[in-house]
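Worksheet: one structure, shown below.
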Amino acid sequence: MNEYQSSIGPLIDKSINESSIQSTNKTTKELETIEGKAFGVEQVILDGKRFVNCTFDGSELVYKGHDVFSLEKNDFTGHLRVRFADYAETTLGVLNALHSAGPEFKELISKTFVD
Numbered sequence: 001m002n003e004y005q006s007s008i009g010p011l012i013d014k015s016i017n018e019s020s021i022q023s024t025n026k027t028t029k030e031l032e033t034i035e036g037k038a039f040g041v042e043q044v045i046l047d048g049k050r051f052v053n054c055t056f057d058g059s060e061l062v063y064k065g066h067d068v069f070s071l072e073k074n075d076f077t078g079h080l081r082v083r084f085a086d087y088a089e090t091t092l093g094v095l096n097a098l099h100s101a102g103p104e105f106k107e108l109i110s111k112t113f114v115d
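Sequential numbering of the sequence shown, starting at 1, is according to UniProt numbering.
Structure (structure tokens):
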């Protein structure tokens, strides 16, 4: 087990570090700003958008993992739902599978959520 941890740990650390460097080096495209809009019981795709002073009343917020998004000074009422689809859904599935695989992965998975 220790041999396994010593070989896989550095690989995952390297992957996390490379991913951080790539994210920092990427040219970020400007988000589409949506301001003051009211959303009802409907799906709202978050990717690539900046929502400012919007109202979400029973909306389903969908994040596909294609692009970043921003939520600023919004009002959320009703039965709010969040759904992860496409790349985001796959990533969460992988993280969940690794987390469930054993204690050796739990700390590594936790590192992915540290700023």
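Backbone N, C-alpha and C fix where the C-beta goes; we use that ideal spot for every residue, glycine too. Quick caveat, the model's predicted, so the values are computed rather than measured.
- [ ] Determine which residues share a DSSP beta bridge with Val52 and list them.
- [x] By 1-based counting over the sequence shown, the position of residue 52 is 52. Bridge partners of Val52: Glu35 and Glu72.
Task: Which residues DSSP lists as bridging Asp57, in chain order - done: Translated into the one-based positions of the sequence shown, residue 57 becomes position 57. Bridge partners of Asp57: Thr77.
Task: Residue(s) in a DSSP beta bridge with Val62 - done: Position 62 of the sequence shown, counting from 1, holds the residue named residue 62. Beta-bridge pairing links Val62 to Ile45 and Arg83.
Open item on the list: Going by C-alpha to C-alpha distance, which of Glu30, Gly40 and Asp57 sits closest to Lys49?
Closed with: The residue you call residue 49 lines up with position 49 of the sequence shown. The candidate whose alpha carbon is nearest that of Lys49 is Glu30.
Open item on the list: Closer than 8 Å is the cut-off here; do at least three beta carbon pairs connect the region 80 to 89 with the region 97 to 104?
Closed with: no
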